[in-house]
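A quick write-up on the structure given underneath.
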Amino acid sequence: MANNIDLDKETLFIVSQTFKALGDPTRIRILHLLSVKECSVGEIVEHLSLGQSTVSHQLRFLKNLRLVKSRREGTSIYYSPEDEHIMDILEKTIEHSNHD
Ligand SMILES: [Zn+2]
Numbered sequence: 001m002a003n004n005i006d007l008d009k010e011t012l013f014i015v016s017q018t019f020k021a022l023g024d025p026t027r028i029r030i031l032h033l034l035s036v037k038e039c040s041v042g043e044i045v046e047h048l049s050l051g052q053s054t055v056s057h058q059l060r061f062l063k064n065l066r067l068v069k070s071r072r073e074g075t076s077i078y079y080s081p082e083d084e085h086i087m088d089i090l091e092k093t094i095e096h097s098n099h100d
């Protein structure tokens, strides 16, 4: 278990995968935007000046890891953060980058 003196294999794998997922500037920008407001693909494209296929690709990646979730409304799909721990890590790291 995670509280033992060493981490079990599965926990270690998930932690590494999580930091890998957070270690990409485009994914960081998308996650940060989604922490501010729920967005459709088109809105993310517009706010971040990214290509549609880049955004779709990264959203699929983030969804597979359950870092974002989606919700259908009519013909649109809206994306938001799935996990508050991840958003805490991101927010803390942004704070860390900005403090003296
Ligand atoms: Zn710090």
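If you're matching positions, the sequence shown starts at 1 in UniProt numbering and goes up one per residue.
Beta carbons are placed, not taken as given, at the ideal position from N, Cα and C, and that holds for glycine.
Assuming residue i is part of the beta strand (DSSP E), what are its boundary residues?
i	result
ARG71	68 to 73
What are the boundary residues of the alpha helix (DSSP H) that includes residue i?
i	result
SER16	9 to 22
Check the C-beta distance from residue i over to residue j and give it rounded, since I have them as a contact under 8 Å.
i	j	result
LEU79	LEU59	In the sequence as displayed, the identity of residue 79 is Tyr instead of Leu. That pair is a contact at about 6 Å.
ILE28	LEU90	7 Å
LEU31	LEU65	The Cβ separation is near 11 Å, so there is no contact.
Shortest alpha-carbon distance to residue i belongs to which of the options?
i	options	result
SER40	ILE14, ILE77, LEU7	ILE77
GLU73	GLU38, ASP6, GLY23, LEU7	GLU38
ILE86	THR75, LYS63, ASP100, GLY51	LYS63
Considering only heavy atoms of ligand 1 and the C-beta of each residue, which residues fall inside 7 Å, strictly closer? GLU95, HIS96, HIS99
Considering only residues of the stretch 28 to 95, which uninterrupted beta strand (DSSP E) runs meet the minimum length of 3 residues and lie entirely inside it, listed in chain order? 68 to 73, 76 to 81
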